[in-house]
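K.L.:
Handing you a structure now.
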Amino acid sequence: MSMLSGWGRFPKVECHVVTARSEADVRAAVLASPLIARGNGRAYGDAAMNRGLTLDMTGMDRMLSFDDGVLVAEAGVLLGDIIHTFLPRGWFPMVTPGTKYVSLGGAIAADVHGKNHHIDGSFRACVDWIDLMGPDGTVTRLGAQDDLFHWTLGGMGLTGVILRAQIRLRAVETTFIRQETRALTSLSETLTAFESTLDAPYSVAWIDCSDGPHHGHSLLLLGQHATKADLSAGTPPLKVRHKGKLPVPFGAPPFVFRGVWLRGINGVYWLRGAKRAGTRLVDWDSYFYPLDALNNWNRAYGRRGFIQFQCALPLNTATAGLAELMQAIAASGSGSTLSVIKRFGPQSGHFSFPMPGYTLALDFPATERSLALMEQLDAITLAHQGRFYLAKDARMPEAVAKADPRAVAFAAMRAQAGLTDRFTSVQSERLGL
Amino acid sequence: MSGGPVLILGAASGMARAVARSFAEAGHPIQLAARNKARLEDDAADLRTRYGAEVTLHEFDALALDSHGDFVATLPALPEVAVCAVGAMGTQDGSEADPLAATHVMRSNFEGPASVLAHLANAMETRGSGTLVGISSVAGDRGRATNYVYGAAKAGFTAYLSGLRNRLTKKGVHVVTVLPGFVNTAMTEGLDTPGPLTAEPEEVGKAILNAVEKKKNIIYTRSIWRVVMAVIRNIPEPIFKKLSI
Chain Y
0 MSMLSGWGRF
10 PKVECHVVTA
20 RSEADVRAAV
30 LASPLIARGN
40 GRAYGDAAMN
50 RGLTLDMTGM
60 DRMLSFDDGV
70 LVAEAGVLLG
80 DIIHTFLPRG
90 WFPMVTPGTK
100 YVSLGGAIAA
110 DVHGKNHHID
120 GSFRACVDWI
130 DLMGPDGTVT
140 RLGAQDDLFH
150 WTLGGMGLTG
160 VILRAQIRLR
170 AVETTFIRQE
180 TRALTSLSET
190 LTAFESTLDA
200 PYSVAWIDCS
210 DGPHHGHSLL
220 LLGQHATKAD
230 LSAGTPPLKV
240 RHKGKLPVPF
250 GAPPFVFRGV
260 WLRGINGVYW
270 LRGAKRAGTR
280 LVDWDSYFYP
290 LDALNNWNRA
300 YGRRGFIQFQ
310 CALPLNTATA
320 GLAELMQAIA
330 ASGSGSTLSV
340 IKRFGPQSGH
350 FSFPMPGYTL
360 ALDFPATERS
370 LALMEQLDAI
380 TLAHQGRFYL
390 AKDARMPEAV
400 AKADPRAVAF
410 AAMRAQAGLT
420 DRFTSVQSER
430 LGL
Chain E
0 MSGGPVLILG
10 AASGMARAVA
20 RSFAEAGHPI
30 QLAARNKARL
40 EDDAADLRTR
50 YGAEVTLHEF
60 DALALDSHGD
70 FVATLPALPE
80 VAVCAVGAMG
90 TQDGSEADPL
100 AATHVMRSNF
110 EGPASVLAHL
120 ANAMETRGSG
130 TLVGISSVAG
140 DRGRATNYVY
150 GAAKAGFTAY
160 LSGLRNRLTK
170 KGVHVVTVLP
180 GFVNTAMTEG
190 LDTPGPLTAE
200 PEEVGKAILN
210 AVEKKKNIIY
220 TRSIWRVVMA
230 VIRNIPEPIF
240 KKLSI
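Residue numbers (numbering that gives the first Met the number 0), protein chains in the order written: chain Y, 0 to 432; chain E, 0 to 244.
Now the structure itself:
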């Protein structure tokens, strides 16, 4: 038995863990016991934990073939592995979340999104097919023509065990991103800026949700892959360095996440960003994965861990909904240290998170006070026809998740296909999926 | 070293996979050898896909001693480096209850590896170059109640490697003894291993590549084990026999 948690280190659950190193290992596990597959443990909450059997897929980390940007790999391969292998050859993931330590299987199960969702969609956009092991141990190759494919993308590992997949990478000329930073001073300014930059390949904004004088100030970061012509002479276009990581040895004291400290951190961050507004070249690692540079940054919140909150709101209610969410956070005084806002493009799939509109991602220390605030945020989100990201969730009540009719349909599909009792996680039990 | 072929014996293990990746990344052609070689196809594909390595698969049974001579003679090329990752831990309880099970552990960890390395050693000695790497274990440094059958076999293997090194050093052949502590692989699954003492297979793979390139004799992974085992070896027997460690 091992004590497991998601990346947020909350909740912690005692689980029996078995590592799979081959398809035969996975089959033996699937036939033996109800289970959930786990990749690199980067989902924040309890999505990849099952007390009875958690199947660690990181032992299945083989890349099986690569041809002209088309990669076949096992589910335990990390996105970072793919980058280190293929970026020097001029290829980069089509869609990447904010960490490169996510496994391929995890990226598929959560149908993760990146800063280019408004243009390219979620991770599914690059997935040609998936090999999925069902409850009887048989393996089916699923493509876009299969209904189960669209339940599996975003299905949080609850439709079977993802063994391997074929994905398409994006051709890039260089490892650099041309980043433009715009310093903005209100939510409405930020949303207007998003709407006027829909042609930017990558866009994301950090926004101040504290109750300080900079409430609503934001830094909008736009990006596009730099071409060779953008580089100064002599810069190698496709050199990938192995960077060391800075350890986060211990947590910050809890008061840092409240009041004057939080206002200070947010204010300083904005002023620093505003001073550096404009266009510059940034290397891929700093642009896409700023937090990966800190090893175990999740420890910064100390032993209790932290909770993420991420919702999406439809376009027509987003302006009012986001303002209300941000006011509730500011009023609580326990504001989020890192609040990120992003424009989403069209919805796809049966149960994936993104919807056309805006998403707001927040993190809070795992305290009673934060949990109470998050209930408020749940209510505001639902009142604005929003939905929640299961890869971040660690504490939602079933009724909140089931307010999304797709969750009800997902549970019904699982019951009908005989999956409910075979592929289960602490999260699926909590949410009745 | 000029990117000559590297033979991995017992290639199906997690540690062997990591060792093969390290050498393939460094530009060596790889020969993977294990029982039922068909299950190595995905590993071969992985080395080709990641590193563009040349990979060949070879049927090899560590316990079929009669076959070892032919096995070495029929390799496509005598390897520049041969890494022996063959081994089986068994369980101490099983080995105590059934002496035949204990014999299997001893044969898998000592007799089989020693036999195949003997053939490779002779061929490399004749050629006058090469490196042999034996993956032994810190468990061989002192017999303990919790795993002395495995430990005894590894102690034998460690002594064997030491002797080979002594014999071959004048003949241009180098021998590396690898003493891993806990490594996060199938072998240690279910054991509660302390984090700071537990290496990832990738660390061991890199350490072995480095040891071969720098001609190191004996390496501990992680190096903290050198200290831990120095302490354990030096506990006086009257005290040691009463400890449970």
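No residue lacks a Cβ here, since even glycine has one placed at the ideal position from N, Cα and C.
Would you tell me roughly how many angstroms separate the C-alpha atoms of F422 (chain Y) and V160 (chain Y), rounded to the nearest one?
P.N.:
Walking along the first sequence from the start, residue 422 (chain Y) turns up at place 423. Walking along the first sequence from the start, residue 160 (chain Y) turns up at place 161. When rounded, the distance between both Cα atoms is 8 Å.
K.L.:
How would you list, in chain order, the residues of chain Y whose beta-carbon sits under 8 Å from the beta-carbon of A25 (chain E)?
P.N.:
One-based indexing of the second sequence puts residue 25 (chain E) at position 26. Residues of chain Y passing the Cβ test: none, with the nearest at roughly 14 Å.
K.L.:
Please state the DSSP three-state secondary structure of C448 (chain Y).
P.N.:
Since the displayed chain Y opens at 0 and closes at 432, residue 448 (chain Y) lies outside it and no answer follows.
K.L.:
Based on the DSSP secondary-structure assignment, which residues constitute the bridge partners of Y201 (chain Y)?
P.N.:
Stepping through the first sequence from its first residue, residue 201 (chain Y) is reached at position 202. Bridge partners of Y201 (chain Y): Y:G222.
K.L.:
Per DSSP, I244 (chain E) forms a beta bridge with which residues?
P.N.:
Working through the second sequence from its first residue, we reach residue 244 (chain E) at position 245. Looking at the DSSP assignment, I244 (chain E) forms no beta bridge with any residue, so it has no partner.
K.L.:
Given that a residue counts as buried once 16 or more other Cβ atoms are within 10 Å of its Cβ, and exposed if not, what is K391 (chain Y)?
P.N.:
Residue mapping note: residue 391 (chain Y) aligns to position 392 of the first sequence, counting from 1. K391 (chain Y) comes out buried.
K.L.:
Closer than 8 Å, CB to CB, is M0 (chain E) near chain Y or not?
P.N.:
Here residue 0 (chain E) refers to the residue found at position 1 when the second sequence is read from its first residue. Low per-residue confidence applies at M0 (chain E): pLDDT is 41, beneath 50, and the placement is therefore not dependable, though the value from the model is reported in the following sentence. Cβ-Cβ to chain Y under 8 Å: no for M0 (chain E).
K.L.:
Taking Cβ to Cβ, would you say A414 (chain Y) is nearer than 8 Å to L432 (chain Y)?
P.N.:
For the purposes of this step, residue 414 (chain Y) is taken as residue 415 along the first sequence, with counting starting at 1. For the purposes of this step, residue 432 (chain Y) is taken as residue 433 along the first sequence, with counting starting at 1. It is not a contact, given that the beta carbons lie outside the stated cut-off.
K.L.:
Give a yes or no on contact between the stretch 364-384 of chain Y and the stretch 133-141 of chain Y, applying the rule of three or more CB pairs nearer than 8 Å.
P.N.:
At 8 Å Cβ cutoff, the stretches do not touch.
K.L.:
How long is the line joining the alpha carbons of P92 (chain Y) and R20 (chain Y), rounded to whole angstroms?
P.N.:
Indexing the first sequence from 1 puts residue 92 (chain Y) at position 93. Indexing the first sequence from 1 puts residue 20 (chain Y) at position 21. When rounded, the distance between both Cα atoms is 24 Å.
K.L.:
Tell me, to the nearest whole angstrom, how far the beta carbon of H67 (chain E) is from that of S114 (chain E); I am working on the premise that it is less than 8 Å.
P.N.:
The residue labelled residue 67 (chain E) in the question sits at position 68 within the second sequence. The residue labelled residue 114 (chain E) in the question sits at position 115 within the second sequence. Yes, they are in contact, since the Cβ atoms of H67 (chain E) and S114 (chain E) sit about 5 Å apart, within 8 Å.
K.L.:
Does the separation of the CB atoms of A72 (chain Y) and A164 (chain Y) fall below 8 Å?
P.N.:
Against the first sequence, residue 72 (chain Y) aligns to sequence position 73. Against the first sequence, residue 164 (chain Y) aligns to sequence position 165. Yes, the Cβ-Cβ distance between A72 (chain Y) and A164 (chain Y) is below 8 Å.
K.L.:
Going by DSSP, what residues sit across from V126 (chain Y) in a beta bridge?
P.N.:
Position 127 of the first sequence, counted from the first residue, corresponds to residue 126 (chain Y). Answer by DSSP bridge pairing, in chain order: Y:I166.
K.L.:
Measuring CA to CA, which of Y:G136, Y:N297 and Y:A106 is closest to C125 (chain Y)?
P.N.:
Taking the first sequence and counting its residues from 1, the one referred to as residue 125 (chain Y) is at position 126. The residue with the shortest Cα to Cα distance from C125 (chain Y) is Y:A106.
K.L.:
So, for Q346 (chain Y): in the same chain, excluding its five sequence neighbours on each side, which residues have a beta-carbon less than 8 Å away from its beta-carbon?
P.N.:
Counting from 1 along the first sequence, the entry for residue 346 (chain Y) is found at position 347. Taken in chain order, the residues that qualify are P353, M354 and P355.
K.L.:
Using a Cβ cut-off of 8 Å (strictly closer), state whether G13 (chain E) contacts chain Y.
P.N.:
For the purposes of this step, residue 13 (chain E) is identified with residue 14 of the second sequence, where counting begins at 1. Cβ-Cβ to chain Y under 8 Å: yes for G13 (chain E).
K.L.:
What does DSSP give as the partner residues of R88 (chain Y) in its beta bridges?
P.N.:
Position 89 of the first sequence, counting from 1, holds the residue named residue 88 (chain Y). None, per the DSSP bridge assignment.
K.L.:
By DSSP, does S1 (chain Y) sit in helix, in strand, or in coil?
P.N.:
Here the question's residue 1 (chain Y) lines up with position 2 in the first sequence. In this structure, S1 (chain Y) counts as strand in the three-state DSSP scheme.
K.L.:
Assign A317 (chain Y) to one of three DSSP states: helix, strand, or coil.
P.N.:
For the purposes of this step, residue 317 (chain Y) is taken as the residue at position 318 of the first sequence. Three-state DSSP puts A317 (chain Y) in a helix.
K.L.:
Determine, for F148 (chain Y), whether the minimum Cβ-Cβ distance to residues of chain A falls below 8 Å.
P.N.:
Any reference to chain A falls outside this structure, whose protein chains are Y and E.
K.L.:
Using a beta-carbon distance cut-off of less than 7 Å, what residues from the stretch 219-234 of chain E approach chain Y?
P.N.:
Against chain Y - using a Cβ distance shorter than 7 Å - the stretch 219-234 of chain E contributes no residues.
K.L.:
Inspect the CB distances between the stretch 141-154 of chain E and the stretch 83-101 of chain E and report whether three or more fall short of 8 Å.
P.N.:
Result yes; three or more Cβ-Cβ pairs closer than 8 Å.
K.L.:
What are the complete alpha helix (DSSP H) segments, minimum 4 residues, inside the stretch 22-88 of chain Y?
P.N.:
List check, alpha helix (DSSP H) in window: 22-31 and 78-85.
K.L.:
Does DSSP classify G444 (chain Y) as helix, strand or coil?
P.N.:
The structure shown has nothing for residue 444 (chain Y), since chain Y only spans 0 to 432.
K.L.:
Are at least three pairs of beta-carbons, each pair with one atom in the stretch 9-29 of chain E and one in the stretch 46-61 of chain E, less than 8 Å apart?
P.N.:
Counting Cβ pairs under 8 Å, three or more are found: they touch.
K.L.:
Compute the Euclidean distance between the alpha carbons of G127 (chain E) and A72 (chain E), then round it to the nearest angstrom.
P.N.:
Position 128 of the second sequence holds residue 127 (chain E). Position 73 of the second sequence holds residue 72 (chain E). Approximately 16 Å between the Cα atoms of the pair.
K.L.:
So what does DSSP say about I118 (chain Y), is it helix, strand or coil?
P.N.:
Mapped onto the first sequence, residue 118 (chain Y) falls at position 119. Of the three classes helix, strand and coil, the one that applies to I118 (chain Y) here is helix, per DSSP.
K.L.:
According to the neighbour-count rule (16 or more other Cβ atoms, all chains shown, within 10 Å of its Cβ), is P195 (chain E) buried or exposed?
P.N.:
On the second sequence, residue 195 (chain E) is found 196 positions in, with the first residue counted as 1. The residue is exposed, with fewer than 16 neighbouring Cβ atoms inside 10 Å.
K.L.:
Going by the CB atoms, is the gap between A46 (chain Y) and Q307 (chain Y) shorter than 8 Å?
P.N.:
For the purposes of this step, residue 307 (chain Y) is taken as the residue at position 308 of the first sequence. For the purposes of this step, residue 46 (chain Y) is taken as the residue at position 47 of the first sequence. Not closer than 8 Å, so no.
K.L.:
Which residues in chain Y sit within 9 Å of R34 (chain E), going by Cβ to Cβ distance?
P.N.:
What you label residue 34 (chain E) is simply residue 35 of the second sequence in a count that begins at 1. Here the premise fails: no neighbours, minimum Cβ distance about 14 Å.
K.L.:
Compare the C-beta of S64 (chain Y) against all C-beta atoms of chain E and say whether one is closer than 8 Å.
P.N.:
Walking along the first sequence from the start, residue 64 (chain Y) turns up at place 65. So, interface residue.
K.L.:
Give a yes or no on whether the minimum CB-CB distance between A17 (chain E) and chain Y is below 8 Å.
P.N.:
In the second sequence, the residue the question calls residue 17 (chain E) occupies position 18. No, its Cβ sits nowhere closer than 8 Å to a Cβ of chain Y.
K.L.:
Excluding the 5 residues preceding and the 5 following V111 (chain Y) in the sequence, name in chain order all residues of the same chain whose CB lies nearer than 6 Å to its CB.
P.N.:
Residue numbering aside, residue 111 (chain Y) sits at position 112 when the first sequence is read from its first letter. Excluding sequence neighbours, V111 (chain Y) sits near P96 and F122.
K.L.:
Quick one: Cα of L337 (chain Y) to Cα of P364 (chain Y), how far?
P.N.:
Indexing the first sequence from 1 puts residue 337 (chain Y) at position 338. Indexing the first sequence from 1 puts residue 364 (chain Y) at position 365. Those two C-alpha atoms are separated by around 11 Å.
K.L.:
Comparing the C-beta of A37 (chain E) with each C-beta of chain Y, is any distance below 8 Å?
P.N.:
Translated into positions along the second sequence, residue 37 (chain E) becomes position 38. Chain Y contact via Cβ: absent.
K.L.:
Name, in chain order, the residues that DSSP records as bridge partners for H57 (chain E).
P.N.:
Along the second sequence, read from residue 1 onward, the residue named residue 57 (chain E) stands at position 58. Beta-bridge pairing links H57 (chain E) to E:A32.
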